[in-house]
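Asks: My questions all concern the structure below.
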Amino acid sequence: MIKLEPRGERSRLMSWLSPILAALLTMLTGLVLFTLLGVDPWQALTTILYKPIADTYGLAELAVKATPILLCAIGLSVVFKAQIWNIGAEGQLLMGGLFGSYMALQFLDNDSGYVLPMVLLAGVAGGLFWAGIAAILKVQFNTNEILTTIMMNYIALNILLWAVHGPLKDPEGFNFPESAMFSQSAILPVLIDDTRVHFGLALALLAVVAIWVLMSRSFVGFQIRVLGLDRSAARLSGFREKRLIYFALLLSGGLAGLAGVGEVAGPIGQLIPSISPGYGYAAIIVAFLGRLHPLGIVLATLLMALLYMGGEMAQIELGLPLALTSLFQGLLLFYLLACDVLIGFRLRLTTSKPATAPAAAVATDTAVIEARG
Amino acid sequence: MDIDLITNILYAMVRTGTPLLIVALGELICEKSGVLNLGQEGMMLMGAVVGFIVTLSTGSLTLGFLAAILAGILMSLIFGVITMELSANQVATGLALTIFGTGLSAFIGTNYVGKPITGLEPIDIPVLTDLPIIGRMLFGQDLLVYLSLALFGGVYWFINHSRPGLILKAVGENPHSANAIGLPVFKVRYLAILFGGAMAGLAGSYLSLAYTPLWMENMSAGRGWIALALVVFASWKAERVLLGAWLFGLASILHLVFQGMGFSVSPNLLATLPYLATIAVLVILSSNQNSRLVAPISLGKPFYAKT
Amino acid sequence: MPQHPIPPRLTLRGITKQYPGCLANDDIHLNIAAAEIHALLGENGAGKSTLMKVIYGLVKPDRGEILWDGLPLDVKDPAHARKLGIGMVFQHFSLFDTLTVTENIALALGDDAGDIPALASRIRSVSEKYGMAINPDRQVHTLSVGERQRVEIVRCLVQDIKLLILDEPTSVLTPQEVDTLFVTLRQLASEGCSILFISHKLNEVKALCHRATVLRGGRVSGACIPAEEDTLSMARLMVGENTPVSTTYPKVLGTTPTLTVSNLNLHSHDAFGVHLKQLNLQVNAGEIVGIAGVAGNGQEELLAALSGETRASAGHIQFADTDIGPLTPDRRRALGLAFVPEERLGRGAVPEMSLTENALLTGFLTGLVKRGMVAWKKTEAFADQIIADYKVKTAGRHAQADSLSGGNLQKFIIGREIMQKPRLLIAAHPTWGVDIGAATAIHKALIELRDQGAAILVVSEDIDELFLISDRIGAICDGRLSPLKPTPESSIAELGRQMAGDFSDAATISPRPTTSRAGSLH
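In the order they appear, the protein sequences are chains A, B and C. If you count the first sequence from 1, position 250 lands on 675 in the numbering used here, and the numbers rise without skipping. If you count the second sequence from 1, position 267 lands on 309 in the numbering used here, and the numbers rise without skipping. If you count the third sequence from 1, position 104 lands on 117 in the numbering used here, and the numbers rise without skipping.
This is the structure in structure tokens:
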């Protein structure tokens with residue numbers, strides 16, 4: 426039988442191999458699933474993973490889809506490092522989209538250069554506002570941030586629906602729940618001609634670099650990492666826990682807000698009820714899959730964006746439910762969590778009696794010390 | 043407000059609170075063992091869709107409910123294996139379970155959206171149903187509401203008066219001590235996780251087979267998460283879970299109250315009420331309370347025994 | 014050793030247990046007769062705990078066999094061990110704080126517990142018989158540490174007990190309580206119960222045990238009859254030939270006050286916490302002040318108030334000329350205060366971080382951060398210097414903190430603090446769980462810092478350590494601090510009374526005999 430044996434030290438190699446292994450296992454499960462559904466598995470696989478990006482247009486669309494996910498995920502990498510479980514990127518994104526839309530609708534007949542910055546700032550403010558509430562609840566009232574941010578996602582969605590059905594509805598829109606189309610001055614410029622790749626991508630990549638520097642070089646980044654790993658060490662060293670929590674949550678909220686406004690002022694061009702197919706939730710998976718590391722997050726974002734496009738493609742070409750995407754998202758995260766056991770343990774085939782050690786995951790290193798004495 | 047309105051509101055409150063009560067009782071047991079399973083939402087959705095499909099294809103509500111329970115158990119088993127055998131982080135695994143359950147339920151339920159079935163009908167208990175105000179609330183409900191009350195009684199007795207309940211609490215407080223004196227920590231936690239799954243599955247199928255009754259993507263609408271907050275609200279006490287579930291039921295049907303009182307408010311804004319209530323409750327209960335004596339001490343922390 | 018005509022109650026043959034990177038038990042042989050009090054001696058890390066977990070069924074050995082009354086036995090789990098009549102008193106108690114004494118004991122007894130009221134009366138009668146009064150209806154979190162140990166012992170005694178294993182039982186007791194415990198244990202042995210007494214304190218072993226097995230580095234390094242040995246020869250068995258086993262340091266008097274705590278009252282917000290009451294304390298430059306006390310008597314709260322993790326109102330904590338009561342930990346550090354916490358992994362050092370990062374953890378005020386950016390090259394050099402100067406055994410500055418042994422990590426932490434040239438160093442339990450070599454190195458480093466003129470406050474549960482290094486000494490009990498005395502003017506007996514809350518001057522009370530601690534290693 427297979428036995429798990431503690432490694433003694435965490436394996437760096439495995440912590441990077443694990444996401445790859447998880448992706449492969451997800452793919453394998455997909456093959457089995459397609460076979461069971463009577464779809465040619467090879468055809469399904471190429472439809473999902475290759476066809477969407479088979480041409481330059483597809484590649485450009487990948488970048489369009491990746492932009493909001495990347496913005497949300499890179500922000501989440503900071504809060505998650507602090508072990509603050511902000512599940513609210515989706516709500517912060519929606520609020521960013523709503524605030525940005527409100528601002529854009531104030532300038533429907535204005536083509537000044539300040540309109541776009543105002544719209545973007547409003548979007549960031551929306552994300553900051555929504556994350557700020559969660560931060561206040563966490564810091565001042567000690568509430569569980571997972572539950573509050575989830576609740577705020579639902580609230581944000583309902584407020585957005587209210588706005589788009591009510592005050593922000595286009596008066597000339599035949600009662601469709603949509604705002605008026607924004608003026609060109611409020612729309613993010615396209616980066617590459619003949620595509621929808623917009624300036625938001627540049628902002629997202631800039632954010633990736635900035636956060637890379639923040640987390641690896643700056644003292645604030647170091648404090649955030651300490652806070653996440655060992656709260657009482659942070660306290661003893663005099664790190665300002667509350668300020669760090671505010672900082673991390675606001676940073677991720679602001680970036681999610683930017684992602685939201687980037688959608689309405691980017692590819693969509695107006696406020697509609699469904700500005701996000703769950704980018705904020707997908708970003709959680711991306712952050713984990715990318716090991717909370719900027720480079721890993723960029724790669725994981727591309728995979729996730731591809732999964733979104735592949736899901737749509739599979740719906741059109743193979744008649745598979747669109748929910749395929751979120752099914753694979755869940756599977757991916759499960760496999761990742763399962764494969765992560767290999768960071769602390771190695772597998773060994775044994776023939777002896779099954780005195781299997783219940784797995785010890787991350788804390789294995791202390792086991793060595795406890796083992797004696 | 044007239045008597046009829048109050049009677050109807052109380053009736054709807056209990057009915058709406060029932061799925062919350064069931065799922066929260068399951069999570070309560072799970073958390074008492076020291077395991078935080080954030081996958082309630084995903085397990086509920088799986089229960090809802092599986093229960094619906096089975097009932098639609100067999101015509102049997104009983105089979106539907108049983109299948110939903112089984113679906114919940116299987117979902118929680120995934121959680122159990124990943125967190126217990128592979129010692130993965132409970133928070134991340136619970137989230138994964140919810141994402142997975144949301145996706146899988148939508149996937150297998152695609153062709154069932156909007157199909158009609160005959161749901162569970164209320165059973166009026168003669169004479170008692172006609173009591174003023176509380177008659178319909180307590181004696182004019184469907185079978186599952188009565189079952190949820192029995193479940194509540196059972197969980198209450200189990201936690202406070204049974205020996206296995208004592209073991210459950212001990213494991214949740216200090217699994218290392220429990221292991222050292224020979225209590226089967228893994229077994230206890232597995233059973234607690236599976237019970238939580240069974241309850242979430244049942245609660246989900248209540249939505250799709252009795253409350254609505256139909257299948258829609260994401261139809262639990264955050265009830266699994268609200269149930270998690272409910273357990274905090276209840277300070278991990280069974281009796282307060284019942285109270286909390288009904289109060290949240292009331293918050294979810296406030297639009298009835300508003301309509302009854304003649305206000306017209308946007309339905310989207312009214313829909314935020316249960317979520318706002320959840321946050322309010324969390325704020326009131328989380329600030330300025332000494333949680334060490336309230337929450338199971340090892341909650342959320344992985345346990346591993348060295349052999 | 015004479016052959017027993019009847020087989021020994023417990024025999025271990027060739028027990029071997031390998032952990033990754035550590036051979037915890039290597040071919041261990043041992044036997045214990047009925048009615049015998051047998052010592053298992055060894056310093057931290059010698060393999061004592063692993064061996065007793067093997068006997069109690071908590072750990073499966075890789076090789077070797079266990080005989081019980083002469084018959085081979087495979088102890089499946091603690092429940093099985095208990096059925097056989099093996100009881101264990103853990104060093105870190107295995108009790109449930111929110112449950113009552115009776116509920117705790119009922120849990121361990123399993124189906125044999127019977128109904129609660131009957132069990133409660135059984136607990137009462139057993140505890141009275143052995144002179145360990147406890148109230149079965151109290152919740153455990155309301156009990157003192159000494160009372161909790163009684164619960165652990167009574168839990169073993171309410172059933173038919175044949176072998177009682179005690180893991181370092183005296184480390185949580187006052188000297189007087191130790192004497193009482195020994196009376197109970199002798200009574201038990203006289204009734205035929207075998208006792209395995211695990212300790213690293215030679216004088217206690219000499220006072221109590223019939224025979225001793227000594228472990229070193231996972232192996233049996235010798236066996237002896239303690240009454241016929243002197244402590245030095247047993248110490249040699251424990252630590253080997255090359256480690257110095259006895260050192261003394263000259264006592265000095267401090268100069269100007271560095272830390273002055275006056276009338277400090279602090280209400281603890283933790284349900285299990287202790288309130289500090291009218292606490293007065295002065296630590297002078299160039300001296301080491303030692304505070305003894307049984308765990309959970311306000312040490313944590315006092316340390317948190319001094320480090321700045323909890324803040325006091327103005328006017329109660331003075332550091333040189335500054336009122337530091339309301340200041341945060343980093344402000345206090347900037348003034349020249351350094352801190353070595355009890356938990357070295359998970360407070361003193363971040364387990365998953367490298368030594369370089371852990372050097373930055375408290376060293377950030379010493380020019381390692383420029384305009385918000387970390388000077389990693391400088392930080393690495395700082396880490397390298399700590400490792401070199403304090404002879405920290407490690408793979409290098411890239412090693413994770415939790416890959417180091419307890420002793421080496423503690424040397425790193427103490428080095429990190431001392432290299433920042435503090436004016437006041439506060440150290441909590443600086444040598445718990447470390448081997449003698451490291452303990453000696455740490456003590457020398459503290460004395461050296463003292464001689465350079467720094468003020469040092471040491472809070473410890475190890476009385477021997479405090480007598481060894483403190484210049485003035487006192488004890489904390491239930492949030493109150495006894496008056497401090499120059500160490501040579503105090504005694505084990507007096508400190509023991511202070512630990513129990515009796516702060517009256519010793520001169521007025523006739524000294525009580527208590528277990529001699531003269532032969533201690535520290």
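Built from N, CA and C at the ideal position, the CB exists for glycine as well. No experiment lies behind these values; they were computed from the predicted model shown.
1) Please name the residue in A/Val-633, A/Tyr-482, A/Trp-510 whose C-alpha comes closest to that of A/Asp-619.
2) Please report the Cβ distance between B/Ile-45 and B/Pro-164, rounded to the nearest whole angstrom; I am assuming they are in contact, meaning their Cβ atoms lie under 8 Å.
3) When burial is assigned at 16 or more other CB atoms within 10 Å of the CB, is A/Met-729 buried or exposed?
4) Are B/Ile-51 and B/Ala-240 closer than 8 Å when you measure CB to CB?
5) Any idea what DSSP makes of C/Tyr-143, helix, strand or coil?
6) In chain A, which residues lie with their C-beta within 7 Å of the C-beta of C/Val-302?
7) Determine the direct distance from the alpha carbon of C/His-442 to that of C/Ile-455, and round the result to whole angstroms.
8) In whole angstroms, what is the alpha-carbon distance linking C/Thr-24 and C/His-42?
9) How would you list, in chain order, the residues of chain B whose beta-carbon sits under 8 Å from the beta-carbon of C/Ala-121?
10) Pick from B/Ala-90, B/Phe-237, B/Phe-94: whose alpha carbon is nearest that of B/Lys-74?
11) What are the start and end residues of the beta strand (DSSP E) that includes A/Tyr-539?
12) Quick check on the burial criterion: 16 or more other C-beta atoms within 10 angstroms. Buried or exposed for C/Ala-284?
13) Using DSSP bridges, identify the partner residues of C/Ala-52.
14) Would you say A/Arg-773 reaches chain C, if we count a Cβ-Cβ gap shorter than 8 Å as a contact?
15) Quick one: what does DSSP say A/Ser-436 is sitting in, helix, strand or coil?
16) Select from the region 700-725 of chain A all residues with a C-beta closer than 8 Å to any C-beta belonging to chain B, and list them in chain order.
17) Under 9 Å between beta-carbons, which chain C residues line up against A/Leu-675? List them in chain order, please.
18) How many Å lie between C/His-213 and C/Ser-503 at the Cα?
19) How would you call B/Pro-168, buried or exposed, if buried means at least 16 neighbouring beta carbons within 10 angstroms?
20) Count the other CB atoms within 10 Å of the CB of B/Gly-286; is the residue buried (16 or more) or exposed (fewer)?
21) In whole angstroms, what separates the C-alpha of B/Thr-60 from that of A/Leu-545?
22) Using a 10 Å radius around the Cβ and a threshold of 16 neighbouring Cβ atoms, would you call C/Asn-7 buried or exposed?
23) Please confirm whether C/Leu-422 and C/Leu-358 have their CB atoms less than 8 Å apart.
24) Output the boundary residues of the alpha helix (DSSP H) element that contains A/Asn-583.
25) How do the region 203-218 of chain C and the region 173-183 of chain C stand: do at least 3 beta-carbon pairs fall below 8 Å, yes or no?
26) Of all the options B/Ile-95, B/Met-117, B/Leu-62, which has the alpha carbon lying nearest to the alpha carbon of B/Leu-84?
27) Pick from A/Thr-573, A/Pro-477, A/Gly-521: whose alpha carbon is nearest that of A/Leu-496?
28) Compare the Cα-Cα distances from A/Leu-502 to each of A/Thr-726, A/Ser-751, A/Leu-732, A/Leu-756 and report the closest residue.
29) Closest to A/Leu-654 by C-alpha separation, out of A/Ile-478, A/Ala-507, A/Leu-456, A/Ala-498, would be which residue?
30) I'd like the ranges of any alpha helix (DSSP H) spanning at least 4 consecutive residues and lying wholly in the region 275-331 of chain B.
31) With a Cβ-Cβ cutoff of 8 Å, do A/Gly-735 and A/Pro-477 count as a contact?
32) Please classify B/Met-303: is it buried, with 16 or more other beta-carbons within 10 angstroms of its beta-carbon, or exposed?
33) Between the C-alpha atoms of C/Leu-381 and B/Pro-344, what's the straight-line distance to the nearest angstrom?
34) Our contact map puts A/Ser-751 next to A/Gly-685 with C-beta atoms below 8 Å; I'd like the distance itself, whole angstroms only.
35) With a cut-off of 8 Å, does the C-beta of A/Phe-672 fall near any C-beta of chain C?
36) If we call anything under 8 Å between Cβ atoms a contact, is A/Leu-683 one with B/Ile-141?
Replies: If we stick to the structure as given:
1) Out of A/Val-633, A/Tyr-482, A/Trp-510, A/Tyr-482 has the C-alpha closest to the C-alpha of A/Asp-619.
2) About 19 Å separates the two Cβ atoms, so there is no contact after all.
3) So A/Met-729 counts as buried.
4) Not closer than 8 Å, so no.
5) Secondary structure at C/Tyr-143: coil, using DSSP grouped into helix, strand and coil.
6) Chain A residues near C/Val-302: none, gap ~21 Å exceeds 7 Å.
7) C/Ile-455 and C/His-442: Cα-Cα distance of roughly 11 Å.
8) Rounded to whole angstroms, C/Thr-24 and C/His-42 show a C-alpha spacing of 7 Å.
9) Neighbours of C/Ala-121 on chain B, chain order: Ile-223, Gly-224.
10) The closest CA to that of B/Lys-74, considering only B/Ala-90, B/Phe-237, B/Phe-94, is found on B/Phe-237.
11) Careful: A/Tyr-539 lies outside any beta strand (DSSP E) and carries neither H nor E.
12) Per the 10 Å Cβ criterion, exposed.
13) According to DSSP, which records beta bridges pairwise, C/Ala-52 is partnered with C/Phe-210, C/Ala-225.
14) False, the Cβ-Cβ gap to chain C never drops below 8 Å.
15) It is coil, neither helix nor strand.
16) Under the 8 Å Cβ criterion, the region 700-725 of chain A contributes Tyr-706, Ile-709, Ile-710, Phe-713.
17) Identification of chain C residues near A/Leu-675 by a Cβ-Cβ cut-off of 9 Å yields none; the smallest Cβ-Cβ distance measures about 17 Å.
18) Answer to the nearest angstrom: the Cα atoms are 24 Å apart.
19) Under this definition B/Pro-168 is an exposed residue.
20) Residue environment: B/Gly-286 is assigned as buried (16 or more neighbouring CB atoms within 10 Å of its CB, all protein chains considered).
21) Going by the C-alpha atoms only, they are around 44 Å apart.
22) Outside the shown range of chain C, which is 14 to 535, sits residue 7 of chain C, and nothing can be said about it.
23) Yes, these two residues count as a Cβ contact at 8 Å.
24) Per DSSP, the continuous alpha helix (DSSP H) segment holding A/Asn-583 begins and ends at 570-590.
25) With the cut-off at 8 Å, the region 203-218 of chain C and the region 173-183 of chain C touch.
26) It is Gly, not Leu, that sits at residue 84 of chain B in the sequence shown. Comparing Cα positions, the closest option is B/Met-117.
27) Of the candidates A/Thr-573, A/Pro-477, A/Gly-521, A/Gly-521 places its Cα closest to the Cα of A/Leu-496.
28) Correcting the residue identity first, residue 502 of chain A is Ser in this sequence and not Leu. Checking every option, the nearest Cα to that of A/Ser-502 belongs to A/Thr-726.
29) Of A/Ile-478, A/Ala-507, A/Leu-456, A/Ala-498, the residue nearest in Cα terms is A/Ala-507.
30) Whole alpha helix (DSSP H) segments, 4+ residues: 280-294, 296-303, 309-312, 315-328.
31) Result yes, Cβ atoms of A/Gly-735 and A/Pro-477 sit closer than 8 Å.
32) Residue environment for B/Met-303: exposed (fewer than 16 other C-beta atoms within 10 angstroms of its C-beta).
33) If I take the Cα positions, the gap works out to 36 Å.
34) That belief does not hold up - the Cβ atoms of A/Ser-751 and A/Gly-685 are roughly 20 Å apart, past 8 Å.
35) Interface flag for A/Phe-672 against chain C is unset, since no Cβ pair is found closer than 8 Å.
36) Taking 8 Å as the Cβ cut-off, A/Leu-683 and B/Ile-141 do not qualify as a contacting pair.
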